[in-house]
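Chemist: Terminal number for the sequence shown in the numbering used here: 786, no gaps in between.
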Amino acid sequence: MLTIITHPLVQHKLTRLRNRDAGMKEFRESLVEITTLMAYEIFRELPLAEVMVETPMEACTGRKLSRSTVVVPILRAGLGMVEGITRLIPDASVGHIGLYRDHDSLEPVQYYNRLPENLQEAVVILLDPMLATGGSASRAITRLKESGAGEIKLVCIVGAPEGVGKVEKDHPDVDIYMAALDRGLNDTGYILPGLGDAGDRLFGTT
Numbered sequence: 581m582l583t584i585i586t587h588p589l590v591q592h593k594l595t596r597l598r599n600r601d602a603g604m605k606e607f608r609e610s611l612v613e614i615t616t617l618m619a620y621e622i623f624r625e626l627p628l629a630e631v632m633v634e635t636p637m638e639a640c641t642g643r644k645l646s647r648s649t650v651v652v653p654i655l656r657a658g659l660g661m662v663e664g665i666t667r668l669i670p671d672a673s674v675g676h677i678g679l680y681r682d683h684d685s686l687e688p689v690q691y692y693n694r695l696p697e698n699l700q701e702a703v704v705i706l707l708d709p710m711l712a713t714g715g716s717a718s719r720a721i722t723r724l725k726e727s728g729a730g731e732i733k734l735v736c737i738v739g740a741p742e743g744v745g746k747v748e749k750d751h752p753d754v755d756i757y758m759a760a761l762d763r764g765l766n767d768t769g770y771i772l773p774g775l776g777d778a779g780d781r782l783f784g785t786t
């Protein structure tokens, strides 16, 4: 299922992120902030367990997360979103999947894979700012499932209908969250209007 998060603060910061005149510092900060704001919706249905806690006054019943969280950014642009999750869940494990898109075929090529154990017991949050063709996200989800992941949530900032359709076709059990669904792709597979190359803007490369 696709969820577009239209909260005013998310949309305000997304506009800053899209701005071609935004410097690297502003881009990085906005990416983290948007991810943090989106997390409140992403984790809305997380199960809780009751626990007893001692306040300075007396004991009372509290609640804590009953499942572990694993954050998996797709390298390299997904790295810029990790802090947005871990600042809320600091004990989350972090794995990495390295993929790049071949500029001629637009197909994903995997070059790195390092994942925590016991994925089947965790909620796995897959991070990639851009959902363009959907090839990289779909490949990463397949890799996570091969490693035992059960519940997977794909979190993007902007996406194209082509990418959403690809992931929904290949992995109908995976929920997709994003801040904006843009109109489509250009001839080279970039999202329009998009926000440019997220990795280059994040790390100051061309």
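Where is the CB? At the ideal position from N, CA and C, for every residue including glycine.
Which same chain residues, not among the five before or five after residue 668, have their C-beta less than 7 Å away from its C-beta?
Modeler: 616 and 619
Chemist: Quick check: residue 647 and residue 626, are their CB atoms within less than 9 Å of each other?
Modeler: yes
Chemist: By the DSSP assignment, the alpha helix (DSSP H) with residue 608 in it spans what residues?
Modeler: 604-622
Chemist: Is residue 680 closer than 9 Å to residue 670 when the C-beta atoms are compared?
Modeler: No, Cβ-Cβ distance for residue 670 and residue 680 is not below 9 Å.
Chemist: Within the segment 624-705, note down every full beta strand (DSSP E) run reaching 3 residues or more, in order along the chain.
Modeler: If we require 3 residues or more, the beta strand (DSSP E) runs fully inside the segment 624-705 come out as 628-634, 639-645, 648-655, 676-681 and 688-694.
Chemist: Can you name the start and end residues of the beta strand (DSSP E) that residue 575 belongs to?
Modeler: Not covered by the structure: residue 575. The range shown for the chain is 581 to 786.
Chemist: Thinking C-beta only, is residue 622 closer than 9 Å to residue 594?
Modeler: Contact: no.
Chemist: Around the C-beta of residue 729, are 16 or more other C-beta atoms found within 10 angstroms, so that it is buried, or is it exposed?
Modeler: So residue 729 counts as buried.
Chemist: Report buried or exposed for residue 715, applying the criterion of at least 16 other Cβ atoms within 10 angstroms of its Cβ.
Modeler: By the C-beta density criterion, residue 715 is buried, having at least 16 other C-beta atoms within 10 angstroms.
Chemist: Pick helix, strand or coil for residue 754, following the three-state DSSP scheme.
Modeler: coil
Chemist: Please confirm whether residue 760 and residue 738 have their CB atoms less than 9 Å apart.
Modeler: yes
Chemist: Hey, out of 637, 638, 651 and 645, whose CA is closest to residue 630's CA?
Modeler: 645
Chemist: Mind checking whether residue 747 and residue 702 have CB atoms under 9 Å apart?
Modeler: Going by C-beta atoms, residue 747 is not nearer than 9 Å to residue 702.
Chemist: Helix, strand or coil: how does DSSP classify residue 583 here?
Modeler: In this structure, residue 583 counts as strand in the three-state DSSP scheme.
Chemist: Look up residue 782 in the DSSP assignment and say whether it is helix, strand or coil.
Modeler: helix
Chemist: Using beta-carbon positions only, say whether residue 775 and residue 727 come within less than 9 Å of one another.
Modeler: no
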